[in-house]
Amino acid sequence: MKLVRLLMLIIIAAMLVGCAATSPWQREHLSKPVMQFDHNKEEAIAREHMLGTLEGSAGGFGVGGGGCGCN
Amino acid sequence: MGVTKALGLRAQGLKGSSVLLMIFVYLILPYSAMADEYVSTDINYYKFDGLTVIKPMITLNKDLSLNTSILLRATLDNVEAQTTTVDAVSGATKTTTSTSNTKDEDNRKNLTFGVTHAISLYKIDVGYDYSREKDYTSQTPSIQLSRDLFERNTTLAIGYSHNFDNVLGKYMSKAQDKGSNNYSISLTQFISPITVAQIGYTYSHATGYLGTGNRKVALSGGGESDEYLPDSRKREAIGVRLAQYITPINSAVHLIYRWYRDDWWIKSNTYGIQYYQYIGDNTYMRLEYRYYEQEKAFFYKDSYAGSEQFITSSNLYSQLSSHLYGVKLVHYLRSPNISTEVKYERYRQSTGLDGDIFMFGVKYHF
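Protein chains in written order, with the working numbering: chain A, 1314 to 1384; chain B, 36 to 401.
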């Protein structure tokens, strides 16, 4: 798990560095569905809701949806 | 008189339905292309120990003008649960005792309405979410502001929502309120033409009645008690995601990590990996693994004497870990512009809880 955390720190560091600008004509792969975070928003909402009823944590991305009497 | 009244009502009804039809036709007509315009329907099916959920969703996302789009979503959760009137506190295993078994059925109806408006590099999303079930109602207005920076290589977003909830569980004599302020900030960054990363932070503070009112706790000396939870909970989480395209084999990998803690002393780590592989031009597959671990809340115990300030029988607040394995297949048709997807996931928790998740979705892109 330490390796994963180290990898995440590297990602954050790469983001903070500023990175080389990517021109619009270089974004062919970035625009593909497989490169989108939560490409299917409905799937992401359903999953977050389900996991919120099974586990004690939530959040990390977005402001969250409506409440539920299931947890 | 009666006939006139009846005809009047019928005429009014016809007028109302005509207006609705006109609105619907207007909404599905092609207009401009600010948002990803679509109508989608998804059906999720969860089968866990003693719990079955069927969850159909229908969503419309449509441009109203060059700069404005709307979102309408309706969701139904049909929940059928095998419940016990008394749950003994469970530890590492789901050692529950019951005095009687009953079958509870509930329908959670959820409606979401959202408007997105873009002004130059800014985008503002305003939403309202309403959900109702027999023992719970919730209303959540939300707002999110995002801005593209550095030639649209970076997107910064901040958001706020507030939950106005009302709880009336079967063991409660009167309804009680629960409120929550939720804040978020996220940064999405193109790192290279084949790499994108995102970091997000969320903070929420919930106050009021934070239980469900549907749980009893068996006491070690015999008898049972209502569940008592603290009336305030502050939660924060940091999420990091990275997507990397692998050009030679036409695939992508997503790495996901989330750190979480709250003032009930629950701390958790979530690790995820998703592998996407194109199979031809119009189909791709996703393989996924997610691992989750959490520490228990400060008040969680395997058994209670009954003199404690806070007591619970819910595994949500126990120490636990879980594994989720999944496979998803997505196929695109070009004409008409429809995508279909089918998903299967297996969820296993260290408490002994496990279940299967199925999803089928169809999306029509305008």
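We treat Cβ as the ideally placed atom computed from N, Cα and C, and that holds for glycine. On a predicted model such as this, the values are computed, not experimentally measured, just so you know.
Cβ of residue 212(B) less than 9 Å from any chain A Cβ?
Locating residue 212(B) in the second sequence gives position 177, where the first residue counts as 1. Not closer than 9 Å to any Cβ of chain A, the Cβ of residue 212(B) fails to qualify, so no.
Are the region 1367-1377 of chain A and the region 218-234 of chain B in contact at 8 Å, needing three or more beta carbon pairs?
The answer is yes - the region 218-234 of chain B touches the region 1367-1377 of chain A, with three or more Cβ pairs under 8 Å.
Strictly below 9 Å CB to CB, what residues from chain B border residue 1356(A)?
The sequence position of residue 1356(A) within the first sequence is 43, counting from 1. Residues of chain B passing the Cβ test: 77, 79, 363, 376, 378, 394 and 396.
Which stretch, first to last residue, makes up the beta strand (DSSP E) that contains residue 1367(A)?
As a working mapping, residue 1367(A) is identified with position 54 in the first sequence. Segment 1354-1367 is the alpha helix (DSSP H) holding residue 1367(A); no beta strand (DSSP E) there.
Please classify residue 284(B): does DSSP put it in a helix, a strand, or coil?
Sequence index remark: in the second sequence, residue 284(B) carries index 249 (1-based). Reduced to three states, the DSSP call for residue 284(B) is helix.
If you measure from the beta carbon of residue 207(B) to each beta carbon in chain A, is any gap under 9 Å?
In the second sequence, residue 207(B) corresponds to position 172, counting from 1. No, no contact with chain A.
Give the DSSP bridge partners of residue 314(B), in chain order.
Sequence index remark: in the second sequence, residue 314(B) carries index 279 (1-based). Bridge partners of residue 314(B): none, in fact.
Going by the beta-carbon positions, is the gap between residue 348(B) and residue 250(B) smaller than 9 Å?
Numbered from its first residue, the second sequence carries residue 348(B) at position 313. Numbered from its first residue, the second sequence carries residue 250(B) at position 215. A contact, by the Cβ cut-off of 9 Å.
With a threshold of 6 Å on Cβ separation, who are the neighbours of residue 397(B) within its own chain once the five nearest residues in sequence on each side are excluded?
Taking the first residue of the second sequence as position 1, residue 397(B) is located at position 362. So the list reads 76 and 375, once near-sequence residues are dropped.
Thinking C-alpha only, which one of 166(B), 165(B) and 151(B) is nearest residue 159(B)?
In the second sequence, counting from the first residue as 1, residue 159(B) sits at position 124. Of the listed residues, the one whose Cα sits closest to residue 159(B) is 151(B).
Rounding to the nearest angstrom, what Cα-Cα distance links residue 303(B) and residue 237(B) in this structure?
Numbered from 1 along the second sequence, position 268 holds the residue referred to as residue 303(B). Numbered from 1 along the second sequence, position 202 holds the residue referred to as residue 237(B). One C-alpha to the other measures close to 14 Å.
Under 9 Å between C-beta atoms, does residue 1361(A) make it to chain B?
As a working mapping, residue 1361(A) is identified with position 48 in the first sequence. Judged by the 9 Å Cβ criterion, residue 1361(A) is not in contact with chain B.
Smallest Cα separation from residue 230(B): which of 1348(A), 1336(A), 1337(A) and 1338(A)?
Here residue 230(B) refers to the residue found at position 195 when the second sequence is read from its first residue. Closest by alpha carbon: 1348(A).
Since I believe residue 263(B) is in contact with residue 344(B) (beta carbons under 8 Å), could you give me their beta-carbon distance rounded to a whole number of angstroms?
Numbered from 1 along the second sequence, position 309 holds the residue referred to as residue 344(B). Numbered from 1 along the second sequence, position 228 holds the residue referred to as residue 263(B). Right, the Cβ-Cβ distance comes to about 7 Å (below 8 Å), so this counts as a contact.
I want to see whether chain A comes within less than 9 Å of residue 123(B), judged by CB atoms only; does it?
On the second sequence, position 88 is the one that residue 123(B) refers to. Legend: pLDDT at residue 123(B) = 40, less than 50; position of this residue unreliable, value from coordinates given subsequently. No, no contact with chain A.
Excluding the five sequence neighbours on either side, which residues of its own chain have a C-beta within less than 8 Å of the C-beta of residue 352(B), listed in chain order?
Translated into positions along the second sequence, residue 352(B) becomes position 317. Only 299, 301, 331, 332, 334 and 335 meet the Cβ criterion.
Nearest-angstrom Cα distance between residue 373(B) and residue 399(B)?
Taking the second sequence and counting its residues from 1, one reaches residue 373(B) at position 338. Taking the second sequence and counting its residues from 1, one reaches residue 399(B) at position 364. Cα to Cα, the separation comes out at about 5 Å.
Using the Cβ count rule (16 or more neighbours within 10 Å means buried), how would you classify residue 311(B)?
As a working note, residue 311(B) is residue 276 in the second sequence. Flag for residue 311(B) reads buried.
With a floor of 3 residues, list each beta strand (DSSP E) that falls wholly inside the region 205-233 of chain B, ordered by position along the chain.
Listed in chain order, they are 211-227.
Is residue 165(B) closer than 9 Å to residue 33(B) when the C-beta atoms are compared?
Because chain B here runs from 36 to 401, residue 33(B) falls outside it and cannot be looked at.
So, is residue 380(B) buried or exposed, given that buried needs 16 or more other C-beta atoms within 10 angstroms?
For this step, residue 380(B) is matched to residue 345 along the second sequence. Flag for residue 380(B) reads buried.
Check this for me: beta carbons of residue 79(B) and residue 1359(A), under 9 Å apart or not?
Within the second sequence, the letter at position 44 stands for residue 79(B). Within the first sequence, the letter at position 46 stands for residue 1359(A). For residue 79(B) and residue 1359(A), yes; Cβs fall inside 9 Å.
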